[in-house]
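The next block holds one structure in the form of structure tokens; read it before the comments.
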Amino acid sequence: TQEKVAFTAVLSCWGTSVIKKSFMCSANLNIFCLFQFYAPWCGYCKKLEPIWFDVGAELKSSGSPVRVGKMDATAYSGMASEFGVRGYPTIKLLKGDLAFSYKGPRTKDDIVEFANRVAGPAVRALPSKQMFEHMMKRHDVLFVYVGADSPLKEKYNDVASELIVYTYFFSASEEALPESVSLSELPTVVVFKDGGHFTYDEYEDGSLSSWVNKERFQGYLQIDGFTLYELGETGEYNSYSFECFSFLKRINMRVAKEYREHFNRDFQFGHMDGNDYINSLIMGEVAVPSVIILNTSNEQYFLPSEPIETMEQLVQFISGVLNGSAQAYGGDGFIQRIKRVAFDAKSTIMSVFRSSPLLGCFLFGLPLGVISLMCYGICTAESDDGSEDMDALKREGLTDEEEEEEEEERQRAAELEGPAEEEEDVGEKAPEEKKTD
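Take the sequence shown: its position 207, counting from 1, is numbered 207 in the UniProt record's numbering, and each next residue is one higher.
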């Protein structure tokens, strides 16, 4: 096929060197390929290069079936387009006829963990209580299907195949569960997190995929750029506190835990250290400490009308967002998009000047100087509107008024000369007339 033929030209990387070795990713061979699509000029790709080297070495030394490679997307643009590569670097794991995109932090441990998770089975079995407890210690969030074969299990397997890029999925019998866990009905899907467990309810929680996508996060998070990006895919409100004083963090954590039944379906709680990232997101400045609610579905955000000091105030603020009484800012309208373009351009220019003033002067000063010279040349260009004739007259010492006065004098002189010539003609004709007489 076209996919197999294309991959025979790829350079495969095995840890310590780049080898010109052709291979094909095929489900029949039970080989999985972890590829980095890069561009030679990409600075982020160059920064990732030593990390990618370590990823290959780690997977090889551990005996992983995952082969690590890299592809120049500018040289193989057709293949990059087929896999939906829009930016660099793009990391994808190829598993049979499926391609899974990696969107997490670009660290060795995170990439290796992603490769091993996706390369394994979508749903892993937990045959005993000991294995169950071991997995509980390893994972902060644990999804488990409990029960026999059923339509719900088929849905669970489909969701696991889709969302394996984010988290692990397990299955177990009721006997393998801890004694403290009691389930009212089987089969069911349970998520273990935040020191407790919560079951999926099809009537209240909607689709299983949507429920898993929301519940894959802990109830309270420390949020960074990557986490915020993943939260954006859930489309829910996100409540953040910017930690400067511990009391605000404690209030936010208490609301996340004690009001889970009220807010869990709509809100994700967490905190960020500092406000730099959120300032760029809302194109403004948020005071620290503070609380902000961000709607990731339409980029609106909400700020409390007064500082939050008690849990009751925070609950009232969140309730106001839900019932529509709170003032919304931002959004994704046309005007906001124009502001975003201008803000991003300004931020880019400022970052260039901060990092390298000389480079900034060259990149922006040179074009600005050329444009200024062009404008000056256009404004001062001579036009053919009679100014040259005027300059010639001025050089001769004549102005418009002086020229008019000379013209009037010539006309008066001509008028005076006219009658004198007529009298002379009459005088000359008189003798002739007398002779004829």
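Yeah, the Cβ is synthetic: ideal placement off N, Cα and C, and Gly gets one too.
Just so we're clear, the structure is a prediction, and the values are computed from it rather than from any experiment.
*Who are the Cβ neighbours of SER305 in its own chain at under 6 angstroms, not counting the five residues just before and after it?*
To locate residue 305, count along the sequence shown from 1; it is residue 305. Answer for SER305: no residue qualifies.
*asked:* Just to confirm, is the Cβ distance from GLN218 to ASP158 under 8 angstroms?
replied: In the sequence shown, the residue the question calls residue 218 occupies position 218. In the sequence shown, the residue the question calls residue 158 occupies position 158. In this structure, ASP158 does not lie closer than 8 angstroms to GLN218 by Cβ.
*Helix, strand or coil for LYS95 per DSSP?*
The residue labelled residue 95 in the question sits at position 95 within the sequence shown. Three-state DSSP puts LYS95 in a strand.
_Reduced DSSP secondary structure (H/G/I, E/B, other) of residue 476_ = Because the chain is modelled from 1 through 437, residue 476 falls outside the range shown and cannot be assessed.
*LYS70 and PHE32: beta carbons closer than 8 angstroms?*
Reading the sequence shown from its first residue, position 70 is the one you call residue 70. Reading the sequence shown from its first residue, position 32 is the one you call residue 32. No, the Cβ-Cβ distance between LYS70 and PHE32 is not below 8 angstroms.
_Spatial neighbours of PRO89 within its chain, please: C-beta separation below 7 angstroms, excluding the five flanking residues on both sides._
The sequence position of residue 89 within the sequence shown is 89, counting from 1. Within the same chain, PRO89 has close Cβ partners GLN36, PHE37, TYR38, CYS42, TYR44, CYS45 and LEU48.
*What residue from ALA160, PHE100, LYS339 and LYS249 has the CA that sits closest to LEU281's CA?*
As a working note, residue 281 is residue 281 in the sequence shown. Answer by Cα proximity: LYS339.
*Using beta-carbon positions only, say whether ILE292 and LEU303 come within less than 8 angstroms of one another.*
Counting from one through the sequence shown, the residue named residue 292 turns up at place 292. Counting from one through the sequence shown, the residue named residue 303 turns up at place 303. Yes, Cβ-Cβ distance for ILE292 and LEU303 is below 8 angstroms.
_Is it the case that the segment 205-215 contacts the segment 170-185, given that we only count it when at least three CB pairs across the two stretches are under 8 angstroms?_
no
*Check whether the Cβ atoms of GLY330 and GLU285 sit closer than 8 angstroms, and answer yes or no.*
Reading the sequence shown from its first residue, position 330 is the one you call residue 330. Reading the sequence shown from its first residue, position 285 is the one you call residue 285. No, the pair does not count as a contact, with Cβ atoms beyond the cut-off.
*Could you pull out every residue in the same chain whose Cβ sits closer than 6 angstroms to the Cβ of VAL321, ignoring the five residues on either side in sequence?*
Along the sequence shown, read from residue 1 onward, the residue named residue 321 stands at position 321. Contacts found: ILE293 and PHE302.
_Tell me the rounded alpha-carbon separation between SER64 and SER81._
Counting from 1 along the sequence shown, the entry for residue 64 is found at position 64. Counting from 1 along the sequence shown, the entry for residue 81 is found at position 81. So the alpha carbons of these two residues sit roughly 28 angstroms apart.
*For HIS197, the three-state DSSP class (helix, strand or coil)*: In the sequence shown, the residue the question calls residue 197 occupies position 197. Strand at HIS197.
*Given a cut-off of 8 angstroms, decide if LEU126 and SER171 are closer than it, judged by their beta-carbon atoms.*
By 1-based counting over the sequence shown, the position of residue 171 is 171. By 1-based counting over the sequence shown, the position of residue 126 is 126. Yes, they are a contact pair.
*May I have the straight-line CA-CA distance separating PRO151 from ARG117, to the nearest angstrom?*
The residue you call residue 151 lines up with position 151 of the sequence shown. The residue you call residue 117 lines up with position 117 of the sequence shown. Rounded to whole angstroms, PRO151 to ARG117 spans 25 angstroms at the Cα level.
*Per DSSP, which one or two residues make a beta bridge with VAL159?*
Within the sequence shown, residue 159 is the residue found at index 159, counting from 1. VAL159 pairs with nothing; no bridge assigned.
*For PHE263, does the count of other Cβ atoms within 10 angstroms reach 16, so buried, or fall short, so exposed?*
Position 263 of the sequence shown holds residue 263. Classification of PHE263: buried, given that the 10 Å Cβ count is 16 or more.
*Burial state of PHE226, where buried means 16 or more other Cβ atoms lie within 10 Å*: What you label residue 226 is simply residue 226 of the sequence shown in a count that begins at 1. Flag for PHE226 reads exposed.
*Could you spell out where the alpha helix (DSSP H) holding LEU59 opens and where it closes?*
Taking the first residue of the sequence shown as position 1, residue 59 is located at position 59. Taken as a continuous stretch (DSSP letters only), the alpha helix (DSSP H) holding LEU59 covers 43-61.
_Member of GLU312, ASP266 and PRO187 whose CA lies at the smallest distance from the CA of LEU248_ = The residue you call residue 248 lines up with position 248 of the sequence shown. That would be GLU312, whose Cα lies nearest to the Cα of LEU248.
*Alpha carbon to alpha carbon, how far is PHE100 from ARG86? Give it in angstroms, no decimals.*
Walking along the sequence shown from the start, residue 86 turns up at place 86. Walking along the sequence shown from the start, residue 100 turns up at place 100. Their Cα atoms are separated by approximately 15 angstroms.
*Grab me the residues of VAL146's own chain with a C-beta within less than 8 angstroms of its C-beta, minus the 5 sequence neighbours each way, in chain order.*
What you label residue 146 is simply residue 146 of the sequence shown in a count that begins at 1. Contacts found: SER171, ALA172, SER173, GLU174, LEU177, LEU183, LEU186, PRO187, THR188, VAL189 and VAL190.
*With distances taken from CA atoms, which of TYR168, GLY270, LYS153 and ALA75 is nearest ALA119?*
Walking along the sequence shown from the start, residue 119 turns up at place 119. Closest option to ALA119, Cα to Cα, is TYR168.
*asked:* Using only the alpha-carbon positions, how far apart do SER12 and ALA160 sit?
replied: In the sequence shown, counting from the first residue as 1, residue 12 sits at position 12. In the sequence shown, counting from the first residue as 1, residue 160 sits at position 160. Low per-residue confidence applies at SER12: pLDDT is 39, beneath 50, and the placement is therefore not dependable, though the value from the model is reported in the following sentence. So the two alpha carbons sit approximately 29 angstroms from each other.
*Using DSSP bridges, identify the partner residues of HIS134.*
The count along the sequence shown starts at 1 and reaches residue 134 at position 134. DSSP output for HIS134 lists no bridge partner at all.
*Return the chain-ordered list of same chain residues with a C-beta closer than 6 angstroms to the C-beta of THR199, the five sequence neighbours on each side being excluded.*
Counting from 1 along the sequence shown, the entry for residue 199 is found at position 199. Cβ neighbours of THR199 beyond the five flanking positions: THR188 and VAL190.
*Using the beta-carbon count (16 or more within 10 Å), is LEU358 buried or exposed?*
To locate residue 358, count along the sequence shown from 1; it is residue 358. Classification for LEU358: exposed.
*First and last residue of the alpha helix (DSSP H) that includes VAL321?*
Along the sequence shown, one-based indexing puts residue 321 at 321. Residues 311-323.
*Please check the pair LEU142 and PHE192, which I expect to be a contact at CB under 8 angstroms, by giving their CB distance rounded to whole angstroms.*
Sequence index remark: in the sequence shown, residue 142 carries index 142 (1-based). Sequence index remark: in the sequence shown, residue 192 carries index 192 (1-based). Their Cβ separation, rounded to whole angstroms, is 4 angstroms, which keeps LEU142 and PHE192 in contact under 8 angstroms.
*asked:* Which residue marks the beginning of the alpha helix (DSSP H) containing MET283, and which one marks its end?
replied: In the sequence shown, residue 283 corresponds to position 283, counting from 1. Unbroken run through MET283: none, as it is neither H nor E.
*If you draw a straight line from the alpha carbon of PHE132 to that of TRP211, how long is it in whole angstroms?*
Start at 1 with the first residue of the sequence shown, and residue 132 comes out as number 132. Start at 1 with the first residue of the sequence shown, and residue 211 comes out as number 211. If I take the Cα positions, the gap works out to 22 angstroms.
*What residue range is occupied by the uninterrupted beta strand (DSSP E) comprising TYR166?*
Within the sequence shown, residue 166 is the residue found at index 166, counting from 1. Per DSSP, TYR166 belongs to no beta strand (DSSP E) and is neither H nor E.
*Report, in whole angstroms, the separation of the C-beta atoms of LEU231 and THR310, which I expect to be a contact under 8 angstroms.*
Against the sequence shown, residue 231 aligns to sequence position 231. Against the sequence shown, residue 310 aligns to sequence position 310. About 26 angstroms separates the two Cβ atoms, so there is no contact after all.
*Taking MET144 as part of the beta strand (DSSP E), name the residues at either end of that continuous run.*
Translated into positions along the sequence shown, residue 144 becomes position 144. Correcting the residue type first, residue 144 is Val in the shown sequence and not Met. Looking at the DSSP string, the run of the beta strand (DSSP E) that includes VAL144 is 142-146.
*What's the gap between the Cα of ILE51 and the Cα of ILE111?*
Taking the sequence shown and counting its residues from 1, one reaches residue 51 at position 51. Taking the sequence shown and counting its residues from 1, one reaches residue 111 at position 111. Taking the straight line joining both Cα atoms gives about 9 angstroms.
*ARG250: buried (16+ other C-beta within 10 angstroms of its C-beta) or exposed?*
In the sequence shown, counting from the first residue as 1, residue 250 sits at position 250. ARG250 comes out exposed.
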